[in-house]
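A short worksheet on the structure shown next.
There are 2 protein chains.
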Amino acid sequence: MNNFEFYNPTRIVFGEGKIVELNRLIPKEAKVLILFGGESARKTGTLDEVEKALGHRQIGLFGGIEANPRYETLIKAVEQIKQEGYDYLLAVGGGSVIDGTKFVAAAVNFEGDSWDILTSGGAKVTSALPFGTVLTLPATGSEMNKGSVITREATQSKRAFMHDSVYPQFSILDPVKTFTLPPRQISNGVVDAFVHVMEQYLTYPANAPVQDVFAEGLLKTLIDIGPKALATPHDYDIRASLMWTATLALNGLIGVGVPQDWSTHMLGHELTALYGLDHAQTLAIVLPSMLIEKLPQKQAKLAQYAEQVWGVHDGSDKQKALQAIELTREFFERMQVKTRLSDYNLGQDVIEPLIESLTKNGMTALGEHHDITPEISRRVYVASL
Amino acid sequence: MNNFEFYNPTRIVFGEGKIVELNRLIPKEAKVLILFGGESARKTGTLDEVEKALGHRQIGLFGGIEANPRYETLIKAVEQIKQEGYDYLLAVGGGSVIDGTKFVAAAVNFEGDSWDILTSGGAKVTSALPFGTVLTLPATGSEMNKGSVITREATQSKRAFMHDSVYPQFSILDPVKTFTLPPRQISNGVVDAFVHVMEQYLTYPANAPVQDVFAEGLLKTLIDIGPKALATPHDYDIRASLMWTATLALNGLIGVGVPQDWSTHMLGHELTALYGLDHAQTLAIVLPSMLIEKLPQKQAKLAQYAEQVWGVHDGSDKQKALQAIELTREFFERMQVKTRLSDYNLGQDVIEPLIESLTKNGMTALGEHHDITPEISRRVYVASL
Chain A
1 MNNFEFYNPT RIVFGEGKIV ELNRLIPKEA KVLILFGGES ARKTGTLDEV EKALGHRQIG
61 LFGGIEANPR YETLIKAVEQ IKQEGYDYLL AVGGGSVIDG TKFVAAAVNF EGDSWDILTS
121 GGAKVTSALP FGTVLTLPAT GSEMNKGSVI TREATQSKRA FMHDSVYPQF SILDPVKTFT
181 LPPRQISNGV VDAFVHVMEQ YLTYPANAPV QDVFAEGLLK TLIDIGPKAL ATPHDYDIRA
241 SLMWTATLAL NGLIGVGVPQ DWSTHMLGHE LTALYGLDHA QTLAIVLPSM LIEKLPQKQA
301 KLAQYAEQVW GVHDGSDKQK ALQAIELTRE FFERMQVKTR LSDYNLGQDV IEPLIESLTK
361 NGMTALGEHH DITPEISRRV YVASL
Chain B
1 MNNFEFYNPT RIVFGEGKIV ELNRLIPKEA KVLILFGGES ARKTGTLDEV EKALGHRQIG
61 LFGGIEANPR YETLIKAVEQ IKQEGYDYLL AVGGGSVIDG TKFVAAAVNF EGDSWDILTS
121 GGAKVTSALP FGTVLTLPAT GSEMNKGSVI TREATQSKRA FMHDSVYPQF SILDPVKTFT
181 LPPRQISNGV VDAFVHVMEQ YLTYPANAPV QDVFAEGLLK TLIDIGPKAL ATPHDYDIRA
241 SLMWTATLAL NGLIGVGVPQ DWSTHMLGHE LTALYGLDHA QTLAIVLPSM LIEKLPQKQA
301 KLAQYAEQVW GVHDGSDKQK ALQAIELTRE FFERMQVKTR LSDYNLGQDV IEPLIESLTK
361 NGMTALGEHH DITPEISRRV YVASL
């Protein structure tokens, strides 16, 4: 096991009807800016519920944070906060709204050009406004971590930052809030959580049996409950397990003390930035090809994955590994997420722009061995056609 | 899944040589009281390492915190703090030293009789001195939770309290510090961690698949590494996994949203208070008898435990359950912890004093169904002879 540091102070408040707890969780004297995405937060009644729970506090609203939240949008929220004097933020939505709120919270206190928050990966952040979240979409884990991914529209750059000061103070997870989600968002959420686990698990054996069994447990749970979450949207227990699994998939716990990969995410980010695919779609496309490309280095862990997650015990390590990759692809397809570039009408002509952008963004030594060069990334994209 | 709240702000700093991080983790201007147990902290050099890492800070020492830490001892530390003006505590040791430090931290700020902290279960606590820990013994999980168990010698009472203010600010886990532990402490630590998991897992199915796979993963890991930790004390990776497993066994994570039992602990506490057995010995004695006594209510989960943890797939649920209980007893014995009262020279004559004490301490409705009366506890003790 590698040395590590683990710290995660976010308070999770989990269960049906828990939005009323906002009154306990946010200081009485706070002036609160509520950040949200599209009109669904209003239409489903969640926003009304939130406003009611906040009682007599002064509140403001900032809507319109889009999927793959944009720098250009978020700096408007920063301006509104400075002008109207909010001292507490509340994100109501999924990972995009929460990621956006993290950036806003850090940018309000930031001296200089706030894009530097992202170019420095968070290193230049010193503090952030306190904030909490009401999660409506299980997927990204942003509700219990310190990471945020923001897109700059002007340059088509998708950049991440991390900082201890942007852990949410609390996150309210009410599984009932997921009942009305479109199936596509559930499909995407399951695939996103699944690949989050894979990026922290599927590298090489590192004498970390607890991290392995936890990761395998999350994967097996997603394989079991993912299709059920699509088939029976109002099954509380299924949605509750999905919500908690997605949170645990990226709250830092399973990634401590082990090598991590994240190359699939980096190649995927380019697909979103350049061609607008959903984040989960890009992961479903890239992961199987990446695993095949890196088979020599990943074979031992892939064989373990085949045995422990998929119950594949026959054949050589290589055969087990290949079968597990195929089962992974089939799982994504079963979750209604297509796994080929051609399924999204993208062909050979997208490859060079993707590689150019990847290179421009400095993504030239990816993976747990830092050996995935643009040349190898090109092979992965080509294999994903 | 039941509703829950999860909050755990303790920072874990894990790995060989991490004691030097104390200089970063404790405020420069702090006046630090170091609390420890017996002379081993001095003999092994750990105390010197700690003092060196603290550099020029003002420090004081409070040694002599015993296993099953005593109220009578700890109030002396409270007096020393008040007289000498420490504003930061550092526990160096295992669960007893950490539990004791939690009580001291809360008692320093407490108005009135500090025993009320324990009779109120922590409800009367309002704040505590900040503190960190250097863990030397993997077992109790106290390094990453808000619980503490204290014994009052005068009345032979063993009482617990919990409060958010006594989460350690940080805990340093250096697996190398466990290399010199006596085998008995490793044996006890593995059994203690194992039963911590069982108390949160072995109740009835509650539609919480993630909590189940995590608990099963911790149990399987302990079954695998426990005997190896005894056989090869200097195997860093084994000790590292043991240390992290024991922490995760009782940091609140696997117990969220599920029913919990804890009756084995309550019956065990009486055995320690009255007859001085090691905490883990009492758990190894009580658990198998308790599981047999509660077989009707626990059968479904015991069968799941048999399948998922022990790989027992043949027979009826009852047969699987009974086989799993027997395998559990064998595991404790393999870990060199005896599982019968008679192994500790205790006979029929201890039963009534135990029941009297249990009743006096209000432990009259134990278990996940609150249906373990003194009469049932008597049957469990008798079955443990």
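Chains as they are written, first to last, in the numbering used here: chain A, 1 to 385; chain B, 1 to 385. From the three backbone atoms N, C-alpha and C, an ideal C-beta is built for every residue, glycine too.
Restricting to Cα atoms, I'd like to know which of the options is closest to residue i.
| i | options | result |
| --- | --- | --- |
| Val32 (chain A) | A:Asp192, A:Leu54 and A:Pro353 | A:Leu54 |
| Ile12 (chain B) | B:Trp115, B:Leu295 and B:Met144 | B:Met144 |
| Asp164 (chain B) | B:Ala231, B:Asn251, B:Glu72 and B:Ser157 | B:Asn251 |
| Leu358 (chain A) | A:Ala273, A:Leu327 and A:Leu291 | A:Ala273 |
| Tyr344 (chain B) | B:Tyr275, B:Leu291 and B:Gly367 | B:Tyr275 |
| Trp262 (chain B) | B:Val50, B:Ala105 and B:Thr203 | B:Thr203 |
| Ser96 (chain A) | A:Gly141, A:Thr221, A:Ile372 and A:Asn109 | A:Gly141 |
| Leu35 (chain B) | B:Val104, B:Glu21 and B:Val256 | B:Val104 |
| Asn2 (chain B) | B:Gln211, B:Leu327 and B:Gly217 | B:Gln211 |
| Leu181 (chain B) | B:Met243, B:Phe170, B:Val149 and B:Pro209 | B:Met243 |
| Val20 (chain B) | B:Asp48, B:Glu29 and B:Arg42 | B:Asp48 |
| Val134 (chain B) | B:Val149, B:Glu51, B:Ala215 and B:Gln348 | B:Glu51 |
| Phe110 (chain A) | A:Gly121, A:Phe214 and A:Ser127 | A:Ser127 |
| Gly255 (chain B) | B:Ala306, B:Glu368, B:Leu89 and B:Phe14 | B:Glu368 |
| Ile223 (chain A) | A:Ile65, A:Lys158, A:Val309 and A:Leu366 | A:Val309 |
| Tyr88 (chain B) | B:Glu326, B:Gln169 and B:Gly268 | B:Gln169 |
| Phe6 (chain B) | A:Phe14, A:Ile325, A:Glu352 and A:Ala280 | A:Phe14 |
| Gln348 (chain B) | B:Ala306, B:Val337 and B:Arg378 | B:Arg378 |
| Asp116 (chain B) | B:Ala91, B:Leu129, B:Leu90 and B:Ala160 | B:Ala160 |
| Ile75 (chain A) | A:Gln58, A:Arg57, A:Gly112 and A:Ile59 | A:Gly112 |
Can you round the beta-carbon distance between residue i and residue j to whole angstroms, since I take them to be within the 8 angstroms contact cut?
| i | j | result |
| --- | --- | --- |
| Gln260 (chain A) | Gln299 (chain A) | Not really, about 18 angstroms apart at Cβ, beyond 8 angstroms. |
| Phe62 (chain B) | Gln80 (chain B) | 6 angstroms |
| Pro175 (chain A) | Glu16 (chain A) | 7 angstroms |
| Pro183 (chain B) | Leu230 (chain B) | 6 angstroms |
| Ala139 (chain A) | Ala193 (chain A) | 6 angstroms |
| Pro227 (chain A) | Arg334 (chain A) | 6 angstroms |
| Val166 (chain B) | Lys102 (chain B) | 4 angstroms |
| Glu270 (chain B) | Leu354 (chain B) | 5 angstroms |
| Lys18 (chain A) | Ile172 (chain A) | 5 angstroms |
| Gly93 (chain A) | Ala41 (chain A) | 6 angstroms |
| Met290 (chain A) | Thr264 (chain A) | 5 angstroms |
Would you decide whether residue i is buried or exposed? Buried here means 16 or more other CB atoms lie within 10 Å of its CB.
| i | result |
| --- | --- |
| Arg24 (chain B) | exposed |
| Pro69 (chain B) | buried |
| Gln319 (chain B) | exposed |
| Glu72 (chain B) | exposed |
| Glu356 (chain B) | exposed |
| Ser384 (chain B) | buried |
| Glu39 (chain A) | exposed |
| Gly100 (chain B) | buried |
| Phe331 (chain A) | buried |
| Thr10 (chain A) | buried |
| Gln185 (chain A) | buried |
| Ser187 (chain B) | buried |
| Val149 (chain A) | buried |
| Lys43 (chain A) | exposed |
| Gly85 (chain A) | exposed |
| Ala154 (chain B) | exposed |
| Ala158 (chain A) | According to the sequence provided, residue 158 (chain A) is Lys. The question's Ala does not apply to it. The residue in question, Lys158 (chain A), is buried, as its Cβ has 16 or more Cβ neighbours within 10 Å. |
On the DSSP letters alone, give me the boundaries of the beta strand (DSSP E) that residue i sits inside.
| i | result |
| --- | --- |
| Ser171 (chain A) | Phe170 to Leu173 |
| Glu5 (chain A) | Phe4 to Phe6 |
Can you give me the start and stop residues for the alpha helix (DSSP H) that residue i sits inside?
| i | result |
| --- | --- |
| Leu33 (chain B) | Not the alpha helix (DSSP H): Leu33 (chain B) falls in the beta strand (DSSP E), residues Lys31 to Phe36. |
| Glu39 (chain A) | Run containing Glu39 (chain A): none; DSSP gives neither H nor E here. |
| Arg11 (chain B) | That residue, Arg11 (chain B), is in no alpha helix (DSSP H); its beta strand (DSSP E) goes Arg11 to Phe14. |
| His163 (chain B) | No alpha helix (DSSP H) contains His163 (chain B), which DSSP labels as neither H nor E. |
| Ile186 (chain A) | Pro183 to Tyr201 |
| Ser377 (chain B) | Pro374 to Ala383 |
| Pro27 (chain B) | It is not in any alpha helix (DSSP H) - Pro27 (chain B) carries neither H nor E in the DSSP assignment. |
| Asp212 (chain B) | Pro209 to Ala231 |
| Ser241 (chain A) | Tyr236 to Ala249 |
Next item on the list: Within the segment 90 to 156 of chain A, note down every full beta strand (DSSP E) run reaching 3 residues or more, in order along the chain.
Entry: Within the segment 90 to 156 of chain A, the beta strand (DSSP E) runs of at least 3 residues that lie entirely inside it are, in chain order, 131 to 135 and 147 to 152.
Note to self: Runs of 3 residues minimum, wholly inside the segment 47 to 94 of chain A: which ones carry the beta strand (DSSP E) assignment?
What the structure shows: Runs found: 58 to 62 and 88 to 93.
Next item on the list: Any chance you could list the alpha helix (DSSP H) runs of at least 4 consecutive residues sitting entirely within the segment 257 to 311 of chain B, in chain order?
Entry: Fully enclosed alpha helix (DSSP H) runs of 4 or longer: 263 to 275, 279 to 293 and 295 to 310.
Check: Quick one: complete beta strand (DSSP E) runs, 3+ long, within the segment 326 to 351 of chain A?
Finding: Here no run is fully enclosed.
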